[in-house]
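Asker:
In the UniProt record's numbering, the protein residues as written are 1 to 700.
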């Protein structure tokens, strides 16, 4: 039996096993073990099991089960892709990763059954995605448009399978000229088919409602192009194309797909802001759903670059963005922008929730009075183990009642809080302020943390649960869930300070894929003793300190453009008439190294800038430097930046990072003299930093 007829969930397992690879990640997108009960399930089977096993109920922020299914399915696919990309690949396995990845995702999106019976209709995730988007933006796709899109998607699946049959035959005998010509021809046909089909997913008037389908199809196309990039040398005699033709195609379509998705995503946000009938809850629901269905997916596109990640796995630290579940109570402000300021946090350095200290007060509701949550002192840990940020919100206790809950397992690990529930009074009555009397936090190990008052008073307790997606254990192994990162008290400024001030509560969540710390390893040791090397990403927002030597210049965290997976660190340097001397800006990263074979690394940085400047990295055995170049116009801001405005710059030489298992301090430094042309004539020089990447230098 040829491999294209095999259970698709076995494909990558077989490919990697044949390549002498040490597999360090789960191969099945959802199962806790590759041979567990979920092996071989399609999307329909998985949904049935998910619904039967979930006893936690549906999160409050879902409009429907359809949206839940689409979000969880997409997160599972993203988690699976990330888990495969992290696996260091050696030998011949890398030559199949593109088509193999695509093959693995087919059962999710198409619900493909391995049956020859054409009457069997499986539930497809594509259908849920379209329905979920319709509900999100309150716009229906006409039947003829939907039918055409579904037909195009099915055709793409079939043309891909048509190509993989030829690919498998060619791999069995690469010296066969006819097989090489056939696979090259079929690949070109598949490539052209994707190009032609993409226009069906952005028909005029349906660009926004079809955007998640467009993003998913673009993802398939770019995964397919991985094969072209890897095989083009071997196919060159058959197709008469230049050696880097498919690499240029990958670059071109990556840029087009990302820019289309981000521009239409932003247009959707603007449409909600401009609609007086919409409120912040509509705005936030759109942002949550479309972030997962579109932005999280396109943030993976650069990781398919086989030249950037040649013969090495990559540990992705991409999705650092924050999402917000719908609040407990909602009081509409005069504008969505006003509500955005109070129900969310300004962009900041990445942190993890370390401790909560709950404060209790008494209110005279009823004859005996009742107790309620009046304030919380929150302790956040930055990526440096000893660096904390503390903030108090609400009102402190006036009866001496405090209750502290630590969320750290030990010095290096945190509990993943994937759901919280609140119980109390006034949740449903719009004329009353909510009184939280009990709060329960659920974590990945089944452990529960709880805050509770002693005096509940009369009347039944109302209950609300909060999470970003259904907190289903089926997503746990891919770390595709979201964990609580903040609780926000929204105060009522229109009443006296003596009264209860908190009118609403908002809850922030981050992806479980992002580690609380910066940990870098050079790779893993295979069974035969060889080393499979691994590139590690360190997002700029996982620094723990941003410093500027002068008040006239500043360095801060700014909202990202959408396709980077999170926010950016911005450096803005300005010279004034009163400022003299050198201006220095520093970004400080705490990083722990664990070396299997080598302690020597090349380092590169993904950035956008409106000027040219030397930047230095210190902390290794020797300082290293690189030159940033002008990549965008000075009048642009973060949200208007395009994909091609960003560039990957590699520092001039490799450097050693010794003292493994100890946290080292790595610092990026920018220095500007008074006569620097970048800040002459009152100009503001800007640099936006997305991430660093550490590439191990193999040793014999």
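Yeah, the Cβ is synthetic: ideal placement off N, Cα and C, and Gly gets one too.
Since the model is a prediction, treat every value here as computed from it, not as a measurement.
Run through DSSP, which three-state label would residue 319 get?
Answerer: It is coil, neither helix nor strand.
Asker: Who does residue 702 pair with in a DSSP beta bridge?
Answerer: Residue 702 lies beyond the range of the chain shown here (1 to 700); nothing can be said about it.
Asker: To the nearest angstrom, how far is it from the Cα of residue 198 to the Cα of residue 67?
Answerer: About 23 Å.
Asker: Does the beta-carbon distance from residue 608 to residue 569 come in below 7 Å?
Answerer: It is not a contact, given that the beta carbons lie outside the stated cut-off.
Asker: May I ask which residues mark the beginning and end of the beta strand (DSSP E) holding residue 169?
Answerer: First-last for residue 169: 143-172, but that is the alpha helix (DSSP H), not the beta strand (DSSP E).
Asker: Can you name, in chain order, every residue of its own chain whose Cβ lies under 8 Å from the Cβ of residue 369, other than the five neighbours on each side?
Answerer: Same-chain partners within the cutoff: 362, 363, 455, 457.
Asker: Under 8 Å by Cβ, that's how I've got residue 129 and residue 213 pegged, so tell me the actual separation to the nearest angstrom.
Answerer: Contact holds; Cβ gap of about 6 Å.
Asker: For residue 271 and residue 297, I'd like the C-alpha separation in whole angstroms.
Answerer: In a straight line, the C-alpha of residue 271 is about 22 Å away from that of residue 297.
Asker: What number of angstroms, rounded off, separates the C-alpha of residue 301 from the C-alpha of residue 225?
Answerer: Rounded to whole angstroms, residue 301 to residue 225 spans 11 Å at the Cα level.
Asker: Which value, in whole angstroms, describes the spacing of the CA atoms of residue 482 and residue 280?
Answerer: For residue 482 and residue 280, the distance between alpha carbons rounds to 21 Å.
Asker: Going by C-alpha to C-alpha distance, which of 564, 524, 571 sits closest to residue 547?
Answerer: Answer by Cα proximity: 571.
Asker: Apply the 10 Å Cβ neighbour rule to residue 28 and answer buried if 16 or more other Cβ atoms are within range, or exposed otherwise.
Answerer: A caution first: residue 28 carries a pLDDT of 33, below 50, which makes its placement in the model unreliable, though a value can still be read off. Buried, since its Cβ has 16 or more Cβ neighbours within 10 Å.
Asker: Would you call residue 144 buried or exposed, if buried means 16 or more other Cβ atoms sit within 10 Å of its Cβ?
Answerer: When all chains shown are included, residue 144 counts as exposed.
Asker: Which partner residues does residue 595 have in the DSSP bridge list?
Answerer: Per DSSP, none; premise fails for residue 595.
Asker: Between the region 337-349 and the region 514-528, do at least 3 Cβ pairs fall closer than 8 Å?
Answerer: No: the two stretches stay apart, fewer than three of their Cβ pairs being nearer than 8 Å.
Asker: For residue 535, count neighbouring C-beta atoms within 10 Å of its own C-beta (all shown protein chains included) and say buried if the count is 16 or more, exposed if not.
Answerer: Buried, because 16 or more other Cβ atoms sit within 10 Å of the Cβ of residue 535.
Asker: What are the boundary residues of the alpha helix (DSSP H) that includes residue 200?
Answerer: Residue 200 -> no alpha helix (DSSP H), and no H or E assigned at all.
Asker: Just grab the DSSP bridge partners of residue 588 for me.
Answerer: Per DSSP, 545, 667.
Asker: Determine, using beta-carbon pairs with one atom in the region 177-184 and one in the region 200-220, whether at least three such pairs fall under 8 Å.
Answerer: The region 177-184 is not in contact with the region 200-220.
Asker: Given that a residue counts as buried once 16 or more other Cβ atoms are within 10 Å of its Cβ, and exposed if not, what is residue 151?
Answerer: Its Cβ having fewer than 16 others within 10 Å, residue 151 is exposed.
Asker: Evaluate contact between the region 387-403 and the region 411-418, counting only Cβ atoms and requiring at least three cross-stretch pairs below 8 Å.
Answerer: No, the region 387-403 is not in contact with the region 411-418.
Asker: Within 10 angstroms of the Cβ of residue 232, are there 16 or more other Cβ atoms? Answer buried if so, exposed if not.
Answerer: So residue 232 counts as buried.
Asker: What are the boundary residues of the alpha helix (DSSP H) that residue 268 is part of?
Answerer: Start and end: 245-274.
Asker: Could you have a look at residue 464 and say whether DSSP puts it in helix, strand or coil?
Answerer: In this structure, residue 464 counts as strand in the three-state DSSP scheme.
Asker: Is the number of C-beta pairs between the region 587-602 and the region 659-678 that are closer than 8 Å three or more?
Answerer: Because the criterion of three Cβ pairs below 8 Å is met, the region 587-602 and the region 659-678 touch.
Asker: Can you tell me whether residue 335 is buried or exposed, with buried defined as 16 or more other CB within 10 angstroms of its CB?
Answerer: Label assigned to residue 335: exposed.
Asker: In the DSSP assignment, find the unbroken alpha helix (DSSP H) run with residue 133 in it and report its ends.
Answerer: Segment 125-137, the alpha helix (DSSP H) holding residue 133.
Asker: Would you decide whether residue 406 is buried or exposed? Buried here means 16 or more other CB atoms lie within 10 Å of its CB.
Answerer: When all chains shown are included, residue 406 counts as exposed.
Asker: Do residue 441 and residue 461 have their C-beta atoms within less than 7 Å of each other?
Answerer: No, these two residues do not count as a Cβ contact at 7 Å.
Asker: Once you ignore the five residues that flank residue 191 on each side, which residues in its own chain have a CB closer than 6 Å to its CB?
Answerer: Nothing listed; no residue qualifies.
Asker: If we call anything under 7 Å between Cβ atoms a contact, is residue 658 one with residue 606?
Answerer: Contact: no.
Asker: Is it true that the CB of residue 565 sits closer than 7 Å to the CB of residue 318?
Answerer: In this structure, residue 565 lies closer than 7 Å to residue 318 by Cβ.
Asker: Quick check: residue 612 and residue 672, are their CB atoms within less than 7 Å of each other?
Answerer: No; because the gap between Cβ atoms is not below 7 Å, this pair is not in contact.
Asker: Exposed or buried, what is residue 351 when buried is set at 16 or more other beta-carbons lying within 10 Å of its beta-carbon?
Answerer: With 16 or more Cβ atoms within 10 Å of its Cβ, residue 351 is classed as buried.
Asker: Report all residues from its chain with a CB closer than 7 Å to the CB of residue 292; omit the five preceding and five following residues, and keep chain order.
Answerer: Correct list, in chain order: 71, 74, 75.
Asker: So residue 625 and residue 651 are in contact, right, with Cβ under 8 Å, and what is the actual spacing, rounded?
Answerer: Confirmed, about 6 Å.
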